[in-house]
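Residue numbers (the numbering used here): 4 to 212.
Built from N, CA and C at the ideal position, the CB exists for glycine as well.
Working notes for the structure below.
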Amino acid sequence: MSAAPVEDVISRLKQEYPGARTELDWETPLDLLVATILSAQCTDVRVNGVTEGLFARYRTAGDYAAAEPAVLEEEIRPTGFYRNKARSIQGMARALLEDHGGEVPRTMKELVALPGVGRKTANVVLGDAFGTPEGVVVDTHVKRLSNRLGLTGQKDPEKIERDLLEVVPEEDRAVFAHLLISHGRRVCKARKPDCPECVLNHICPSSTV
DNA sequence: ATCCCGAGGG
DNA sequence: CCCTCTGGAT
4 MSAAPVEDVI SRLKQEYPGA RTELDWETPL DLLVATILSA QCTDVRVNGV
54 TEGLFARYRT AGDYAAAEPA VLEEEIRPTG FYRNKARSIQ GMARALLEDH
104 GGEVPRTMKE LVALPGVGRK TANVVLGDAF GTPEGVVVDT HVKRLSNRLG
154 LTGQKDPEKI ERDLLEVVPE EDRAVFAHLL ISHGRRVCKA RKPDCPECVL
204 NHICPSSTV
């Protein structure tokens, strides 16, 4: 079967998940930036469990920069990759202090220049914290569902993003990832996709029903 | 054994 | 392109 029409995918998922948004807990752009760094290869439920206490203690870039590395490592340990993530957070925080007056920058170019921040994290911050998406968030769910739906045949996240930018309307850029992530977690799961319960099963080239 | 809102280095 | 980094759930 050919690729699912992206406008149908979006409209049906909007009906299914009205008000879909990030399920990471955050108050400030810095919170979201840290939470997104912590979310690598980790469920958002686990990230939220860690950030609940973390964000109460670390309110500014200076707080992260001043932390004892071993202490921060222990505080974020349950999210996995804790040494790399602690290094990323502290390097990112120092770069904010040195180059951006302690504030989170608002452009893709500046965000991806921060240690530990790639396009995925930058797209999350731009789309969700600032409401000015420059691209499309491609995480493990967006990657999997975009391939199953035939919206791309690529495996590399940057190539997937290029394909998606061509077909996803600009006004839906930010919500698109949240729709696919919501659906990916509840129905179009990695191990056992629940095709009989999927609202896209009639237009999905990978549907088993 | 596989997967979870990845990034950096080789 | 590949590999590594890490822990916890399923």
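{"Check": "Range of the contiguous alpha helix (DSSP H) that encloses ARG61", "Outcome": "The question names Arg, but residue 61 is Tyr in the sequence shown. It is not in any alpha helix (DSSP H) - TYR61 carries neither H nor E in the DSSP assignment."}
{"Check": "Proximal residues to PHE84 (C-beta, below 7 angstroms), its chain only, five neighbours per side dropped", "Outcome": "ALA43 and GLN44"}
{"Check": "Where VAL145 falls: helix, strand or coil (DSSP)", "Outcome": "helix"}
{"Check": "Validate contact between the segment 126-136 and the segment 91-100 using beta carbons, cut 8 angstroms, 3 pairs", "Outcome": "no"}
{"Check": "Check whether GLU19 and VAL202 have beta carbons under 8 angstroms apart", "Outcome": "yes"}
{"Check": "N-terminal and C-terminal residue of the alpha helix (DSSP H) that PRO72 is part of", "Outcome": "72-79"}
{"Check": "Close Cβ partners of ASN51 (< 7 angstroms) along its chain, the five nearest in sequence each way excluded", "Outcome": "LEU27 and ASP28"}
{"Check": "Same chain, Cβ closer than 7 angstroms to ARG15, five either side skipped, listed in chain order", "Outcome": "VAL202 and LEU203"}
{"Check": "Rounded C-alpha distance that separates GLY105 from GLY65", "Outcome": "7 angstroms"}
{"Check": "Selection from VAL170, ARG49 and VAL9 that minimises the alpha carbon distance to GLU78", "Outcome": "ARG49"}
{"Check": "Where the alpha helix (DSSP H) through LYS88 begins and ends", "Outcome": "85-102"}
{"Check": "Length-filtered (3 minimum) beta strand (DSSP E) runs lying within the segment 125-196", "Outcome": "none"}
{"Check": "The segment 54-71 contacting the segment 159-172, beta-carbon criterion three pairs below 8 angstroms", "Outcome": "no"}
{"Check": "Beta-carbon contacts of ARG188 that lie in its chain and below 8 angstroms, excluding the five residues immediately before and after", "Outcome": "HIS144"}
{"Check": "Inter-residue Cα distance where the pair is GLU137 and LYS162", "Outcome": "15 angstroms"}
{"Check": "Distance between PRO72 and ILE13 (C-alpha atoms, nearest Å)", "Outcome": "43 angstroms"}
{"Check": "Distance between VAL139 and MET111 (C-alpha atoms, nearest Å)", "Outcome": "12 angstroms"}
{"Check": "Per-residue burial, GLY56 [other beta carbons within 10 Å of its own, 16 or more giving buried]", "Outcome": "exposed"}
{"Check": "Integer Cβ distance of ALA89 from GLU76, believed to fall under 8 angstroms", "Outcome": "5 angstroms"}
{"Check": "CB contact flag (VAL115, ALA125, <8 angstroms)", "Outcome": "yes"}
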